[in-house]
Amino acid sequence: MGLDKDPYVCTSLLSMYSKCGMVGEAETVFSDVMDKRLEIWNAMVAAYAENDYGMLGFYDYGKSVHAELFKRPIESTPTIESALLTLYSKCGCDTDAYSIFKSMEEKDRIAWGSLISGLCKNGKFEEALKVFGSMKDDDDSLKPDSDIMTSVINAFAGLEALSFGLQVHGSMIKTGLVMNVFVGSSLIDLYSKCGLPEMALKVFTGMRQDNMVAWNSMISCYSRNNLPELSVEFFNLMLNHGVFPDPVSITSVLVAISSTASLLKGKSLHGYTLRLGIPSDTHLKNALIDMYAKCGFSKYAENIFSKMQHKSLITWNLMIHGYGSHGDCHRALSLFDEMKKAGESPDDVTFMSLISACNHSGFVQEGKNIFEIMKQDYGIEPKIEHYANMVDLLGRAGHLEEAYSFIKAMPIEPDSSIWLCLLSASRTHHNVELGILAAEKLLRMEPERSGNYVQLINLYMEAGLKNEAAKLFVFSDGG
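The numbering used here puts the first residue of the sequence shown at 3, with every later residue one more than the last.
Okay, here's the thing in structure tokens:
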């Protein structure tokens with residue numbers, strides 16, 4: 003009957019595939035249609051936008067559809083413009099997003115919301131808030147909905163702007179939007195990032211408690227604020243309320259369990275996940291690797307790691323850190339080589355874990371080599387933590403003069419952590435001269451910190467310089 007070529011049938015098929023997340027099939031339908039009418043173009047652009055193809059790096063697909071629209075004599079519509087705007091916003095293409103936005107004759111709530119949401123998702127919180135301000139100035143009658151306010155609260159959370167967040171919270175109570183699960187969850191996230199779990203709990207108790215999003219936000223809140231027991235307790239409470247967990251719930255609880263290195267709880271939760279058939283995404287698998295690695299069960303972590311088809315940079319970093327923190331520098335370095343062969347580029351966290359691994363195992367030359375290639379081969383500028391780890395590596399190995407020369411050659415100002423590493427190494431290897439030098443630097447930086455005086459007093463005592471120790475004891479809090 004030829005229905006497979008009918009543009010109206012094809013539009014329906016395309017929309018169906020889009021809703022099922024089957025974008026590849028939608029593309030096949032789209033390419034087979036000879037008479038590409040307005041509805042077909044609209045459905046294809048919407049398919050990319052709705053399925054987060056911008057986030058996944060499929061920017062070129064959306065761009066080609068956009069270009070085709072200008073080649074053909076098709077009048078653009080607000081629906082197509084909004085879909086393209088959403089696509090560009092999600093992939094962080096601000097110039098294209100703004101271009102579409104400015105060309106729109108009628109900017110409705112969806113258009114404003116797409117731009118604000120896209121900026122937030124790409125970490126451009128200040129820009130998102132500026133756009134929100136422009137929205138209010140542009141059309142005072144256009145009231146923000148729950149989607150827009152969720153993005154605005156997320157922007158304040160990203161900036162940890164508590165005072166502004168409190169104001170928005172107050173206005174959400176007046177409008178009733180605070181009852182919306184996504185607005186409420188964003189407020190929980192705001193208070194969580196600002197270190198106020200008790201405020202987050204107040205928001206939660208005012209919400210409907212049959213929604214997993216709200217529960218996940220609270221579980222994550224307690225985990226983020228170093229309250230792992232409450233995180234686990236809240237997870238159990240969620241189960242008692244009959245709310246079925248998802249990968250986000252499990253991941254948040256695993257993060258909490260990892261911080262306490264509780265293998266029994268971690269294995270129990272892992273088994274629970276397998277029994278219930280909860281799908282394991284990359285985040286959940288990373289959390290399992292982290293948990294087993296921190297508990298010292300590298301075999302379990304290796305098993306999960308080896309079976310992962312898609313390993314993110316975080317996955318590689320977690321395994322490298324796991325090996326290094328338990329003194330297995332050989333495996334950490336070997337995995338780094340595997341990572342490079344797999345085409346994954348390291349970041350500053352990778353090098354921090356590698357230098358730390360060398361430090362734990364006393365691999366001085368390997369640590370120096372890693373530090374060298376960090377900037378030379380990958381263009382990554384070392385942070386103060388990398389320098390401190392290198393000073394600690396050299397100091398622990400007894401290379402005190404080299405450590406001091408390394409400090410003097412630093413392109414950034416050494417902070418207290420650098421001098422504390424040198425002081426600790428000087429005490430260990432009984433180098434009084436360098437120890438005094440490091441201690442004096444520390445005392446200038448932190449004269450109020452009594453621990454610095456104690457370090458120097460102990461250095462004097464260990465070196466048999468009791469008179470100097472006594473004088474300093476009188477000068478410090480001990481006097």
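A virtual CB, placed ideally from N, CA and C, is assigned to each residue, including glycine.
Taking 8 Å as the cut-off, the beta carbon of V183 is found closer than this to the beta carbon of A216.
If you compare the alpha carbons of G186, E162 and A399 with that of G172, the shortest gap goes to G186. Q457 is classed as buried because its beta carbon has at least 16 other beta carbons within 10 Å across all chains shown. By the C-beta density criterion, T13 is buried, having at least 16 other C-beta atoms within 10 angstroms. Sixteen is the threshold: when 16 or more other Cβ atoms of the shown chains lie within 10 Å of the Cβ of G268, as they do, the residue is buried. Counting of Cβ neighbours within 10 angstroms places L286 among the buried residues, the total reaching 16 or more. The beta carbon of S119 lies closer than 6 Å to those of S153 in the same chain, with the five residues before and after it left out. Distances from the CA of C93 to each of E107, E108, I82 and G125 were compared; the closest alpha carbon is that of G125. Excluding the 5 residues flanking it on each side, M412 has same chain C-beta neighbours closer than 8 Å at Y389 and I420, in chain order.
Annotation: the region 254-303 contains the following complete segments of the alpha helix (DSSP H) (minimum length 4 residues), in chain order: 265-278 and 284-296.
At a Cβ-Cβ threshold of 8 Å, L290 and I306 count as neighbours. By alpha-carbon distance to K195, the top candidate from G400, G160 and K370 is G160. Annotated three-state conformation of S308 is helix, per DSSP.
Beyond the five residues adjoining it in sequence on each side, S219 comes within less than 7 Å, by CB distance, of S187, I190 and D191 in the same chain, given in chain order. In this structure, DSSP gives K126 a state outside helix and strand, which the three-state scheme calls coil.
Taking L229 as the centre and dropping the five residues before and after it, the same chain places the C-beta of P199 closer than 7 Å to its C-beta, in chain order. For G453, same chain residues with a beta-carbon under 6 Å away, outside a window of 5 residues either side, do not exist. Residue environment analysis places I259 among the buried positions, since at least 16 neighbouring C-beta atoms fall within 10 angstroms of its C-beta. Secondary structure at V366: helix, using DSSP grouped into helix, strand and coil. In the structure shown, G135 falls within a helical segment according to DSSP collapsed to helix, strand and coil.
Given a length threshold of 4 residues, each whole run of the alpha helix (DSSP H) inside the region 321-356 is given here in chain order: 331-343. Contact between I357 and I375 fails: their C-beta atoms lie close to 11 Å from each other, not under 8 Å. Around N156, the same chain offers C122 and S188 as residues with beta carbons nearer than 6 Å, after the five sequence neighbours per side are excluded. For the 8 Å CB-CB criterion, L402 and L436 form a contact. Cα atoms of G298 and I82: separation of roughly 53 Å, rounded to the nearest angstrom. In this chain, the alpha helix (DSSP H) harbouring P230 covers P230 to N242.
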